[in-house]
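Counting along the sequence shown from 1, when you hit position 21 you're at 347 in our numbering, and nothing is skipped either side.
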Amino acid sequence: TNVIRNGDEFRDANTTGLVFDVADKGNNFGASGRAIVSNVNTSEGMVTGLLTELDIAKIRGNWQYRVGHDFANTTYDINDLGVNFRNNFNNFVAGVSYQIFEPTEWFNNYRISLTARHRRLYQPSVTTGNTVNMNWFFATKSRLAFGGNLGYNSEDKDYFEPRVEGRFVRFPSSLGGNIWISTDYRKKFAFDATLGHRQSFGEEQPRYNFRFSPRYRFSDKLLVVLSSNGSVRHNQFGYIDQSETEIFFGQRDIRVLENEITASYNFDPFKAIDLRFRNFWTVADYSDDVFYVLNEDGTRTITSYDVEANDPNRNFDIWNLDLSFRWRFAPGSEATLLYRNQIFKQDNQATLSYTESLGNLFEQPIQNTLSLRITYFLDYNNLTAFLKKNS
Numbered sequence: 327t328n329v330i331r332n333g334d335e336f337r338d339a340n341t342t343g344l345v346f347d348v349a350d351k352g353n354n355f356g357a358s359g360r361a362i363v364s365n366v367n368t369s370e371g372m373v374t375g376l377l378t379e380l381d382i383a384k385i386r387g388n389w390q391y392r393v394g395h396d397f398a399n400t401t402y403d404i405n406d407l408g409v410n411f412r413n414n415f416n417n418f419v420a421g422v423s424y425q426i427f428e429p430t431e432w433f434n435n436y437r438i439s440l441t442a443r444h445r446r447l448y449q450p451s452v453t454t455g456n457t458v459n460m461n462w463f464f465a466t467k468s469r470l471a472f473g474g475n476l477g478y479n480s481e482d483k484d485y486f487e488p489r490v491e492g493r494f495v496r497f498p499s500s501l502g503g504n505i506w507i508s509t510d511y512r513k514k515f516a517f518d519a520t521l522g523h524r525q526s527f528g529e530e531q532p533r534y535n536f537r538f539s540p541r542y543r544f545s546d547k548l549l550v551v552l553s554s555n556g557s558v559r560h561n562q563f564g565y566i567d568q569s570e571t572e573i574f575f576g577q578r579d580i581r582v583l584e585n586e587i588t589a590s591y592n593f594d595p596f597k598a599i600d601l602r603f604r605n606f607w608t609v610a611d612y613s614d615d616v617f618y619v620l621n622e623d624g625t626r627t628i629t630s631y632d633v634e635a636n637d638p639n640r641n642f643d644i645w646n647l648d649l650s651f652r653w654r655f656a657p658g659s660e661a662t663l664l665y666r667n668q669i670f671k672q673d674n675q676a677t678l679s680y681t682e683s684l685g686n687l688f689e690q691p692i693q694n695t696l697s698l699r700i701t702y703f704l705d706y707n708n709l710t711a712f713l714k715k716n717s
């Protein structure tokens, strides 16, 4: 895929990838992976990056195993074509799982897996951390599903959070997990729910998260789904600023709350109206006034910091509403008329409650967008037959 921009001072980009998934004749063992080469051409020259992923597994039977490797060098960059959150990693993974393929007295199926990861940087070649995770999934004959996970993270050396090449910060080891349940979607009313908790060792940094999503099917044409999820992280620390000689971190409480309503009304198999409302709110509260300077060994030392000169407190609030009409007028072809409005606000009032912040949000101007998108699928066989008929 290519991105070519007009002008000598703009960057051009190319990404080429190979993806594979193969197995032996008996479908006992398999290998999958991908290799991607990125090329970015700027006025300073061509920069080439590489990403590879390889997974080898036993894929047949109740007991299954896998080993894998993920790699990206420091120049891997596909951001002209999508989103690449990070590069420069050299990770190894191994896992084992047990699952059933025939129903038992109580369960239609279940699966239990254990996965271990060893995380490294490519440059410099250093260990950044290790994780061990156990996951379990069960589905009963009454279509009730439940499960969870439990994970241990070793001490993490984060080379990205300090924003300075070669520097890292140590995050303490932690243990956490979640449990979830999902009821039968065949019924008019159903819901999904999740509860989670993670606790660090050596430092009091608890994290709690939840999700609750009820749904109601009024008829075969109308479905409404509500969703609310949030998290609270106490005494978490992160980057706030830097000078020529020092990197500053701050202790903060982070709160996140996201509410969403989606509804879909189908007139027939070809036409439908979709509604999606979403409100996302998060704050980073530094009101405890605990600040650190980062040491060379990744530890932190308490320091003073001028909050008035550079206030790190953040309150971010956004509202989105999408209303669309979809018409599938031919196989693989669709026209979508979309109305969207958005309200956005960001400030330093981190001590406000959710309702207070929402009140301030509605004082902002509304951005409105109206768009029409038409996608038409050309069938090669039909096209060639039409051309031959009219030639």
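The beta carbon of each residue, even a glycine, is placed where N, CA and C say it ideally should be. All figures in this text were calculated on a predicted structure; none of them were measured in a lab.
When DSSP labels each residue in this structure, what does residue i get in the three-state scheme?
i, result
"residue 529", "coil"
"residue 635", "coil"
"residue 676", "coil"
"residue 596", "coil"
"residue 570", "coil"
"residue 558", "strand"
"residue 541", "strand"
"residue 367", "strand"
"residue 407", "coil"
"residue 385", "coil"
"residue 430", "coil"
"residue 579", "strand"
Across which residues does DSSP place residue i in a beta bridge pair?
i, result
"residue 589", "550, 601"
"residue 401", "Beta-bridge pairing links residue 401 to no other residue."
"residue 277", "Since the first and last residues shown for the chain are 327 and 717, residue 277 lies out of range."
"residue 482", "497"
"residue 373", "366"
"residue 510", "Paired residues: none, contrary to the question."
"residue 358", "347, 381"
So, using beta-carbon positions, are residue i and residue j closer together than 8 Å?
i, j, result
"residue 575", "residue 495", "yes"
"residue 407", "residue 471", "no"
"residue 421", "residue 441", "yes"
"residue 445", "residue 415", "yes"
"residue 550", "residue 519", "no"
"residue 331", "residue 368", "no"
"residue 498", "residue 526", "yes"
"residue 374", "residue 342", "no"
"residue 638", "residue 612", "yes"
"residue 610", "residue 578", "yes"
"residue 436", "residue 418", "no"
"residue 447", "residue 478", "no"
"residue 457", "residue 434", "no"
"residue 377", "residue 362", "yes"
"residue 667", "residue 690", "no"
"residue 584", "residue 555", "yes"
Can you name the start and end residues of the alpha helix (DSSP H) that residue i belongs to?
i, result
"residue 687", "680–687"
"residue 709", "706–715"
Starting from residue i and walking both ways along the beta strand (DSSP E), at which residues does that stretch end?
i, result
"residue 391", "389–398"
"residue 642", "640–656"
"residue 343", "338–349"
"residue 446", "433–446"
"residue 455", "453–466"
"residue 626", "626–629"
"residue 425", "415–425"
"residue 618", "617–620"
Just checking: is the beta-carbon of residue i within a distance shorter than 8 Å of some beta-carbon in chain C?
i, result
"residue 529", "Of the protein chains in this structure there is only one, and it is not chain C."
Flag residue i as yes when its Cβ comes closer than 7 Å to any non-hydrogen atom of the ligand GDP, and as no otherwise.
i, result
"residue 410", "The ligand GDP is not part of the structure shown, which contains no ligands of any sort."
With three or more beta-carbon pairs closer than 8 Å as the criterion, would you say the segment 594–606 touches the segment 527–535? no
Can you confirm whether the segment 660–672 touches the segment 685–702 when touching is taken to mean that 3 or more C-beta pairs between the two stretches lie within less than 8 Å? yes
Contact between the segment 426–433 and the segment 342–351 is defined here as three or more beta-carbon pairs at a separation below 8 Å; is this criterion met? no
Should the segment 637–646 be regarded as contacting the segment 668–678, the criterion being three or more beta carbon pairs within less than 8 Å? yes
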